[in-house]
Each structure stands twice: as C-alpha cells, then as structure tokens.
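Below is one structure, written out as structure tokens, with a few remarks after it.
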Amino acid sequence: MSRASNRFDTKKVNSELVTLTYGALVAQMVKDAENTDDVSKQLERLGYNMGVRLIEDFLAKTGTGRCMDLKDTADKIQSAFKMYLGVQPNVANWSPGGDEFSFILDTNPLTDLVELPDDLKNLKYCNIICGVIRGALEMVQLDVQSWIVQDQLKGDQNTEIRVKFIRRLEDAMPAGED
Amino acid sequence: MSLPGRNRTSILDKPLSRGKGEISLSCFALLFSEVVQYCQNKSRTVTDIQNRLHKLGARVGVKLIDLYFVRERGGKREIKLLNILLFIKSTMWKALFGKEADKLEHSNDDENTYYLMEKEPVVNRYISVPRDKTSLNCAVFVAGMIEAVLVGTGFPAKVTAHWHKGTTYMLKFDDEVLLREKQME
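Structure (structure tokens):
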C-alpha cells in the first residue's frame with residue numbers, strides 16, 4: 001500500500017500523541033494536587049507501575065538473559081530507551097565504586113512541545129522515567145534509586161537521569177510454592 | 001535588549017519538530033492505562049470517569065489545532081464544515097494514529113449530527129471493560145480531542161463516544177454552525 005501506511009509500524013504510535021497525553025495528565029495532576037512535590041512523587045509512582053509491566057514486554061520481545069553486572073544492566077536499559085522512547089541515551093558518569101551511573105539524553109520525546117511555567121520550576125516533569133526504571137529493575141530483583149540530575153526543561157544542556165544500585169533483592173517465593 | 005528572566009531561549013524560539021517521531025505502542029498503552037486509572041481513582045461513577053477522560057482529551061485537542069494547522073496547512077484554517085470534518089478524518093487521524101478514520105457519515109434524521117466511526121481505536125486496544133462498567137468507552141478521550149479541535153476552530157459541537165460498530169464518535173454541531181454554512185452557499 002501507500003508509503004504513509006508503511007511508515008507507521010503497527011507497534012508504534014506517533015510520539016506527539018504520547019507527549020501530549022502525558023502533558024495533559026501532568027497538567028491535570030498539578031490542578032488536582034496540593035503541591036508540586038506531590039505531583040513529582042505521583043509521577044514517579046505512575047512510572048513505577050508502568051515499569052513493573054513494561055519489563056515483561058521487554059523480556060518477551062528481546063529474549064534477553066540475565067545480566068552479568070551493572071554495566072550489562074545499563075546497556076540493556078539503554079536499548080530499552082531506544083525501543084520504547086525511540087531515543088538512545090549515553091551511559092556515562094560511572095561512580096568510582098561502579099554502583100552509580102547516568103543516562104544522558106540529548107533529546108527527550110516526553111518534553112517536546114513542553115515548557116514549564118515559572119511557578120512549577122521545581123516540578124520533576126520527567127520523574128516518570130525514573131519510576132519506570134525503578135519498577136522494571138525491581139521485577140528482576142534489583143533495588144535501585146533513580147533521580148533526575150539535569151533537566152532540559154530547566155535550561156540544562158541535556159537531561160541526565162541518575163541510577164544508583166542499592167541491593168539485590170532475594171527471591172521471595174509466594175506462599176505454597178517451592 | 002533582553003528583559004530579565006527572558007534571556008533563556010523559549011520553546012517558541014526552537015524550530016517546530018516535524019512530528020515524525022515514534023514511540024512504542026506498549027509505552028503508550030501503559031501510559032494510557034495509567035491515565036484511565038488516574039481518572040478512575042478520582043471518580044465515583046462511570047459518567048465521572050468519562051467526563052474526566054473527555055476533559056483530558058480536550059487538553060490534547062487544543063494543542064493539536066495550532067500544531068497541525070501550522071505544520072500541515074501553512075497556518076490556514078478551515079471555514080467549511082465539510083473541510084474541517086475531512087481534516088479530522090484524514091489529516092489529524094493520519095498524523096496521530098497513522099491511518100484515516102474508518103468512516104464518516106451524516107445522520108439521516110438530524111442534519112446537525114455526524115458520525116465518525118472506527119472499528120478499533122488504538123486507545124481501546126488493550127482495554128477490557130469490567131462487567132459492571134459496560135457503558136464505559138475510554139475512546140471518550142479521543143472524543144474530547146475532536147471536540148476541542150472543533151470548538152477551537154470555530155465549529156462548536158458536542159462530541160461523545162459510543163459502542164456501535166466498534167466505536168462511533170457522535171459529532172453534534174450547534175445550530176449556528178449550520179446556519180453559517182447555509183449563508184456561505
């Protein structure tokens with residue numbers, strides 16, 4: 001058929017649909033919530049819920065195995081960025097201990113068409129990504145912390161998302177299973 | 001000369017993206033699921049949920065007007081009812097969902113009413129409606145988008161989503177729209 005329909009993979013949607021849907025949701029949350037920090041927290045939570053389910057999709061589509069070390073994990077998340085957001089961040093700024101690293105995004109589809117008004121300068125608009133990373137890794141027994149270091153919405157050159165390894169979670173078998 | 005606090009480049013200084021970026025459907029589906037859950041948690045009744053989704057959709061719609069008319073139409077807006085309907089069915093649908101809407105029909109018994117049909121709206125693909133909420137159609141989010149575009153371009157209308165041949169959006173225009181239309185002929 002026409003090229004227009006080929007251009008669109010059925011497993012893809014236009015990024016503006018996502019950007020604007022997310023923007024509408026954040027705007028609504030800001031209206032509903034008492035203060036900005038609450039919204040940031042809720043956004044992280046929302047991302048967490050998505051991450052918990054997204055990891056399954058990732059494992060099923062890539063057939064990827066167990067990660068050998070945190071470097072490996074960082075590479076996998078890097079490819080997940082490409083797969084789900086269509087952008088490839090750089091992995092950088094490893095801590096000397098090797099338990100902390102950053103993803104550096106020079107473009108971020110979530111913040112296309114977005115501008116933060118002055119009274120929302122401390123809103124962590126991209127916190128949803130931190131939540132997704134935390135949720136997804138928790139499902140593969142990695143407890144991590146994730147936060148935003150630099151934000152293009154606040155005038156920084158790049159968006160930098162920091163990930164810190166906390167501990168490995170022990171397999172907790174549901175009761176009644178061996 | 002720059003005013004204090006205004007020396008940062010604002011979003012309007014940057015070129016408009018071409019809008020060809022793509023994001024995984026799984027990503028959108030999960031995000032939309034969170035949107036629906038958020039609305040659900042804030043509401044008591046199905047009507048409440050639908051109203052909230054409609055409102056959120058409208059927020060998206062308002063942004064689409066400028067975006068698409070600047071990018072796809074060189075800033076020229078539509079003044080004819082049929083053209084704005086086709087704009088929604090083709091231009092807007094293609095840009096957003098990668099295809100045209102399935103069908104556009106004029107109601108037989110009410111000249112103010114049009115129907116836009118879609119068998120499988122992408123927003124509903126991964127949603128199963130619980131048994132106690134069968135009337136809930138989350139495509140009301142898209143209905144909100146359409147309504148905002150129509151109202152914002154000067155064709156005031158009410159747009160609702162219904163379960164009929166998949167999903168049918170009912171576009172009910174205010175009388176003034178048809179009156180104006182007749183004057184133009």
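Heads up: the protein sequence lines correspond to chains A and B, in order.
Letter 13 of the first sequence, counting from 1, is numbered 13 in the UniProt record's numbering, and no numbers are missing.
Letter 27 of the second sequence, counting from 1, is numbered 27 in the UniProt record's numbering, and no numbers are missing.
Yeah, the Cβ is synthetic: ideal placement off N, Cα and C, and Gly gets one too.
All values derive from a computational prediction rather than experimental measurement.
Glycine 63 of chain A at chain B interface by Cβ criterion, 8 Å: So, not an interface residue.
Burial state of glutamine 141 of chain A, where buried means 16 or more other Cβ atoms lie within 10 Å: Label assigned to glutamine 141 of chain A: exposed.
Residue-chain proximity (leucine 31 of chain B, chain A), Cβ-Cβ < 8 Å: By this cut-off, leucine 31 of chain B is an interface position.
Counted within 10 angstroms of its Cβ, other Cβ atoms place valine 70 of chain B as buried (16 or more) or exposed: Around the beta carbon of valine 70 of chain B, fewer than 16 other beta carbons lie within 10 angstroms, which makes this residue exposed.
Buried/exposed call for proline 15 of chain B, threshold 16 Cβ in 10 Å: Per the 10 Å Cβ criterion, exposed.
Cβ of glutamate 22 of chain B within 8 Å of any chain E Cβ: Here chain E cannot be found, since the structure's protein chains are A and B.
Serine 102 of chain A beta carbon less than 8 Å from that of isoleucine 161 of chain A: In this structure, isoleucine 161 of chain A places its C-beta atom within 8 Å of the C-beta atom of serine 102 of chain A.
Under 8 Å by beta carbon: chain B residues contacting lysine 11 of chain A: The answer, in chain order, is Ser24, Leu25 and Ser26.
Sub-8 Å separation of lysine 58 of chain B and glutamate 185 of chain B beta-carbons: Here the sequence assigns alanine to residue 58 of chain B, which means lysine is not the residue at that position. No; because the gap between Cβ atoms is not below 8 Å, this pair is not in contact.
Runs of beta strand (DSSP E) wholly within the stretch 124 to 183 of chain B (minimum 3 residues, chain order): Segments of the beta strand (DSSP E) lying fully in the stretch 124 to 183 of chain B: 157 to 163 and 167 to 173.
Own chain residues within Cβ distance below 6 Å of alanine 136 of chain A, not counting five before or after: Cβ within range, chain order: Gly51, Leu54 and Ile55.
Near-chain A residues of the stretch 58 to 92 of chain B - C-beta to any C-beta below 8 Å: Those residues of the stretch 58 to 92 of chain B that come within reach of chain A (Cβ to Cβ, closer than 8 Å) are Arg59, Val60, Lys63, Leu64 and Leu67.
Residue range of the alpha helix (DSSP H) that includes valine 132 of chain A: For valine 132 of chain A, the enclosing alpha helix (DSSP H) stretches over residues 127 to 138.
Coil, strand or helix - methionine 68 of chain A by DSSP: Three-state DSSP puts methionine 68 of chain A in coil, outside helix and strand.
Rounded C-alpha distance that separates arginine 134 of chain A from isoleucine 84 of chain B: Rounded to whole angstroms, arginine 134 of chain A and isoleucine 84 of chain B show a C-alpha spacing of 44 Å.
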